[in-house]
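Engineer: In this text, residue positions in the sequence shown follow numbering that gives the first Met the number 0: the first is 0, and each later residue adds one.
Yeah, the Cβ is synthetic: ideal placement off N, Cα and C, and Gly gets one too.
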Amino acid sequence: MSTTPLLRRLAFAATPLLAVTGLAISAAPAQAASTSMVISEAFGGGGNSGAKWLNDYVELFNTSQQPVDLSGWKVAYWSKGQEKGTAPSSTTALSGTVQPGTHYLVQEDAGANNAGTAVTLPTPDATGTIAMSSSGARVAVLDDAGNTVDLLGWGGAAYSESAPAPGTDNTTSSTRTAVCFDSDNNAADFASVDPTPRNSSAAAIDCTTQTPPTLTTATIAEIQGTSHLSTLTGKAVEGVNGVVTAVGPDGFWMQSTTPDDDPATSEGIYVFTHGDIDVATGDALTVKATVQEYRPGGSRTDNLTTTELVDPDVTVDSTRNPLPAPVRLGIDRVAPQQTIEQGDPSNVEYDSATFDPSSSAIDFYESMEGMRVAVEDAEAVGPTNSYGELPVVPGQNVDAVRSIHGGVVYSGYDHPNAMRVIVTTLDSDVRMPRADVGDVLGGSTVGVLDYNFSNFMLEATSLGTLEPAGLQREVTTAQTNNQLAVATFNVENLAPSNPQSKFVRLAAQVVHNLKSPDILALEEIQDNNGAQDDGVVDSTTTVDKLVAAIKAAGGPAYEARWVNPENDQDGGQPGGNIRSVFLFNPARDVAFVDRAPGDATTSTGVEGSGDETHLTHSPGRIDPTSSVWEDSRKPLVGEFTFRGRTVFAIANHFNSKGGDDPLFGRWQQPERFSETQRNGQAHEVRAFLDQLMTHDPNARVVVLGDLNDFEFSDTADILVGTDPATELLDLPRTLPAAERYTYVYEGNSQVLDHIMISPALTVAPPGALHPAYDYDVVHTNAEFHDQDSDHDPQIVRLAIRGGLG
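1) Sort L521, T128 and L303 by Cα distance to Q793 and report the nearest one.
2) Between the Cα of G342 and the Cα atoms of R332, L328 and I361, which residue gives the shortest distance?
3) With DSSP as the reference, label M131 as helix, strand or coil.
4) Between the segment 692-706 and the segment 748-761, can you find at least three pairs of beta-carbon atoms closer than 8 Å?
5) Classify N169: buried if its beta carbon has 16 or more other beta carbons within 10 angstroms, exposed otherwise.
6) Mind reading off the beta-carbon distance from I222 to I268? Whole number of angstroms is fine, and I expect it under 8 Å.
7) Could you give the DSSP three-state label for P165: helix, strand or coil?
8) Suppose you measure from the CA of P196 to the CA of E40; what does that come to, to the nearest Å?
9) Does DSSP put T208 in a helix, a strand or coil?
10) Which of the three DSSP states is assigned to I339 in this structure?
11) Mapping the DSSP letters down to three states, classify R560 as helix, strand or coil.
12) What separation, rounded to the nearest whole angstrom, lies between the Cα atoms of A751 and I717?
13) Report all residues from its chain with a CB closer than 6 Å to the CB of L726; omit the five preceding and five following residues, and keep chain order.
14) Compute the beta-carbon to beta-carbon distance between A156 and P165, rounded to the nearest angstrom, for a pair I have assumed lies under 8 Å.
15) Under three-state DSSP, which class holds A507?
16) Could you please give me the residues that DSSP links to S748 through a beta bridge?
17) According to DSSP, is R430 helix, strand or coil?
18) Going by beta carbon distance, what residues of the same chain come within less than 8 Å of A27, once the five residues before and after it are set aside?
19) What does the Cβ neighbour count give for N489, buried or exposed, with the cut at 16 atoms within 10 Å?
20) Any contact between the segment 377-389 and the segment 431-449? By contact I mean 3 or more CB pairs, one from each, below 8 Å.
21) Between the segment 93-103 and the segment 190-210, do three or more beta carbon pairs fall short of 8 Å?
22) For G71, write down the residues that DSSP places opposite it in a beta bridge.
23) Tell me which residues share the same chain as S410 and place their Cβ nearer than 8 Å to its Cβ, disregarding the 5 neighbours each side in the sequence.
24) Taking only three categories from DSSP, how would you classify D543?
25) I need the DSSP call for G80, collapsed to helix, strand or coil.
26) If distances are taken between C-alpha atoms only, which option among S443, L214 and V776 comes closest to R732?
27) Count the other CB atoms within 10 Å of the CB of S298; is the residue buried (16 or more) or exposed (fewer)?
28) Can you look up G110 in the DSSP assignment and give me helix, strand or coil?
29) Here's the rule I'm using: 16 or more other beta-carbon atoms within 10 Å means buried, otherwise exposed. How should T633 be labelled?
30) Quick check: what's the CA-CA separation for P623 versus L614?
31) Where does D711 sit, in a helix, a strand or coil, going by DSSP?
32) Quick one, are the C-beta atoms of Q337 and H227 less than 8 Å apart?
33) Give every residue of the same chain whose Cβ lies closer than 7 Å to the Cβ of G529, excluding the five residues on either side of it in the sequence, and list them in chain order.
34) What is the residue span of the alpha helix (DSSP H) that A360 lies within?
35) Ordered along the chain, which non-local residues of its own chain (more than five positions away) have a Cβ less than 7 Å from that of D729?
36) Are the CB atoms of A468 and K514 within a distance shorter than 8 Å?
Structure follows, in structure tokens:
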């Protein structure tokens, strides 16, 4: 299936476009209104992600009072970029007779149906093989002489009847809103709604009894309504008045200057123009258009929709008008602090009937969709990312667990950072400031409130002044003579093709910030040619390059152990074959016990008892053929000795959270689909731990790595265990709440990486001059715009031996 996402508002014009006066008149009709067969529906998302139906289809309808013989007729298809006069890319032959007031269903190509949720269409009246676009295209019905009987262009099609109908996605079709009537204006006649295919056996409609559709006069507030979905979706509206507040390359935002008294109804709206209507900020307009719910992200179906006007006729009534004052977030209106959605705890499509901006942040921001908003002295709660996006909270009235550096800590599923907005800029010539967590955009940051990539975005027309907080990368304490320092560090897809500067900077973190740990578990080490997918799986080149950089930075001459994965079986970047790797420092009397090193599919086991307990394969993997590790990294197990004492380490990189519902998404409450696999992985590692500690209840075991889950998650609880004699201590839980984070995602500081230790390591040996463990998350990356990885490393210094040092 063709899936061409319609992504808009991602890059914006640097200066407002020149204003025009008078009515922006639509082009002349493409042809006379159809007198017989019309296209009543077109659907191109068949079998794609989220699609209800397995096949694409085109549906026809006989508006006349006479049967229509389709012998020799065709349905023709063009991609949306093909101009008038070009030959169709595909056609489907039609046959049979269509009775008055009945439909005719033309089935086209089927998608992969990877999700397994799509179903077959009603019995088609004709069958073809056209792979239609899910977002926009052009179809026509041609008679036996090749004449165009009816034409539909949608989703920005280069040619259509007057103006193209709104775009679609995998879950919507372009559907004629009044099937008996054709104004020869696709924008006015069609809406993007749930697909409802009908064949010739569907009930007939008597068009002589139908009333032609009429335009609705509406205000912006009436269009937006008190819900996420407009009650006017698919309807043509006129007399919509407002002033232009911001302009982008594909449209503009406008806001009413005569608001109603209901704060739940937004006074702003986006007008999608395909870039062909020139207006300027301050223009007062009267608009006639069609109301549409647009779901950003193309085939991504877990986003909310935004209410917008499409294919408008615009009259500029006056220019250089003052703009409505922005709503100051945190001052004029305060978002619910820790609640995104207060309603039904089940995972259902968001119910507009529960709309309550006072208790649910998802409704709070929806009630200002498209309006001018501002944040005063906005505080950065995440770094500026590579897309020029900065998560902030207002500088006033924020009641949340704040991190030690000014972020907001994600401390529970019911405690998200619900007051955040993502600031980006509407001016492509204005670069977003490179901010770190804790920095402030002093003064006012003003723009329009939009929604994209599962977040409410403040599309700024003016930015505050960056006031750096002076965040510095942390440096941990060096281990003493009798402490064993064990660390974990996700180095984010490290490959030989990365710039040498990445190796140099990572090496500096290992040597300077982590003080050269004795054992270092690395996650996301790629193979020798990185993402080149050619069957190479060994990572010697990658590891050697990092080890050399560490030594050049003044660190130890680390040795390394790992197990190469099978090609393309461990997830991550395709071709990269990421795996975990142990580095260890022999100069500190750390030795790796090599025992019949395992391979990608061989499971390590446990033999012996008490102090003689050992692994059957070291390095080895835990049950690598188990289904829980499908398309995911397998745990790496190693047997070490330090000053004569055995220590077992298990390096983990559990499956990612990809595919989970977003916090500000369509489905509330969000469902964590990926958690099921992580829980299974945790059970596998826990079973291995139980086996190891059955052989030696006093085994010294460190379980560490990127678990991709929180310290309060079921995944972490499963690993910790329930038997007091064998429970692991999850060290992130021992930190004060303000320090519990290793990763910052969309303004939420959170724990994804863990170090857990067995009971034997929680008790200091006799004569030890230090506590049994000294744990530190070393904040060097996640809060910084110039991060070397997206994860912070962490380290524990273990009192392995008593005595001096």
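Structural biologist: So, from the data block:
1) The count along the sequence shown starts at 1 and reaches residue 793 at position 794. The candidate whose alpha carbon is nearest that of Q793 is L521.
2) For the purposes of this step, residue 342 is identified with residue 343 of the sequence shown, where counting begins at 1. For G342, the closest of R332, L328 and I361 by C-alpha to C-alpha distance is I361.
3) Counted from its first residue, the sequence shown places residue 131 at position 132. Secondary structure at M131: coil, using DSSP grouped into helix, strand and coil.
4) Taking 8 Å as the limit for Cβ pairs, the verdict is that the segment 692-706 does touch the segment 748-761.
5) Along the sequence shown, one-based indexing puts residue 169 at 170. Taking all protein chains in view, the Cβ of N169 is crowded by 16 or more other Cβ atoms within 10 Å, so the residue is classified as buried.
6) Residue 222 sits at position 223 when you count from the first residue of the sequence shown. Residue 268 sits at position 269 when you count from the first residue of the sequence shown. Contact holds; Cβ gap of about 6 Å.
7) Residue 165 sits at position 166 when you count from the first residue of the sequence shown. In the three-state reduction of the DSSP assignment, P165 falls in the coil class, being assigned neither a helical nor a strand state.
8) Residue 196 sits at position 197 when you count from the first residue of the sequence shown. Residue 40 sits at position 41 when you count from the first residue of the sequence shown. One C-alpha to the other measures close to 8 Å.
9) In the sequence shown, the residue the question calls residue 208 occupies position 209. Helix at T208.
10) Numbered from its first residue, the sequence shown carries residue 339 at position 340. In the structure shown, I339 sits in coil (DSSP, three-state: anything other than H, G, I, E or B).
11) Here residue 560 refers to the residue found at position 561 when the sequence shown is read from its first residue. R560: strand per DSSP, three-state reduction.
12) Here residue 751 corresponds to residue number 752 of the sequence shown, with the count starting at 1. Here residue 717 corresponds to residue number 718 of the sequence shown, with the count starting at 1. Per the sequence shown, the amino acid found at residue 751 is Leu instead of Ala. Counting only the Cα atoms, I717 lies some 15 Å from L751.
13) Position 727 of the sequence shown, counted from the start, is the residue given in the question as residue 726. Per the sequence shown, the amino acid found at residue 726 is Glu instead of Leu. Here the set comprises V719 and G720.
14) Along the sequence shown, one-based indexing puts residue 156 at 157. Along the sequence shown, one-based indexing puts residue 165 at 166. Between P165 and A156 the Cβ distance is about 11 Å, and since that is not below 8 Å, they are no contact.
15) Translated into the one-based positions of the sequence shown, residue 507 becomes position 508. Helix.
16) The residue you call residue 748 lines up with position 749 of the sequence shown. Beta-bridge pairing by DSSP links S748 to V408 and V743.
17) Residue mapping note: residue 430 aligns to position 431 of the sequence shown, counting from 1. Coil, per DSSP.
18) By 1-based counting over the sequence shown, the position of residue 27 is 28. Here the model assigns A27 a pLDDT of 31, short of 50, so the residue's position is not dependable and the matter cannot be decided.
19) In the sequence shown, the residue the question calls residue 489 occupies position 490. It is buried - the Cβ of N489 has at least 16 other Cβ atoms within 10 Å.
20) Touching, yes.
21) Yes, the segment 93-103 is in contact with the segment 190-210.
22) Position 72 of the sequence shown, counted from the first residue, corresponds to residue 71. The beta-bridge partner set that DSSP reports for G71 is empty.
23) Taking the sequence shown and counting its residues from 1, one reaches residue 410 at position 411. If we look at S410 and ignore the five residues flanking it on each side, its Cβ neighbours are V400, F711, A736 and R739.
24) Sequence index remark: in the sequence shown, residue 543 carries index 544 (1-based). Look at D543 here: in three-state DSSP terms it is helix.
25) For the purposes of this step, residue 80 is identified with residue 81 of the sequence shown, where counting begins at 1. Note: G80 maps to coil in three-state DSSP.
26) Along the sequence shown, one-based indexing puts residue 732 at 733. Answer by Cα proximity: V776.
27) Locating residue 298 in the sequence shown gives position 299, where the first residue counts as 1. A caution first: S298 carries a pLDDT of 49, below 50, which makes its placement in the model too unreliable to give a value.
28) Sequence index remark: in the sequence shown, residue 110 carries index 111 (1-based). Residue state, collapsed to three classes: coil.
29) Residue 633 sits at position 634 when you count from the first residue of the sequence shown. A quick correction: the sequence has Lys, not Thr, at residue 633. The residue is buried, with at least 16 neighbouring Cβ atoms inside 10 Å.
30) Counting from 1 along the sequence shown, the entry for residue 623 is found at position 624. Counting from 1 along the sequence shown, the entry for residue 614 is found at position 615. Distance between P623 and L614, taken at the CA atoms: about 15 Å.
31) Locating residue 711 in the sequence shown gives position 712, where the first residue counts as 1. Reading the sequence as shown, one finds Phe at residue 711 and not Asp. When DSSP states are grouped into helix, strand and coil, F711 belongs to the coil group.
32) Here residue 337 corresponds to residue number 338 of the sequence shown, with the count starting at 1. Here residue 227 corresponds to residue number 228 of the sequence shown, with the count starting at 1. Using a Cβ distance threshold of 8 Å, Q337 and H227 do not count as a contacting pair.
33) As a position in the sequence shown, residue 529 is number 530, starting the count at 1. Cβ neighbours of G529 within its own chain (closer than 7 Å, five residues either side excluded): A494, P495, S496 and G575.
34) In the sequence shown, residue 360 corresponds to position 361, counting from 1. It spans A360 to E365 - the alpha helix (DSSP H) in which A360 sits, taken as one unbroken run.
35) Counting from 1 along the sequence shown, the entry for residue 729 is found at position 730. Taken in chain order, the residues that qualify are E710, A715, V719, H753 and M755.
36) In the sequence shown, the residue the question calls residue 514 occupies position 515. In the sequence shown, the residue the question calls residue 468 occupies position 469. No; because the gap between Cβ atoms is not below 8 Å, this pair is not in contact.
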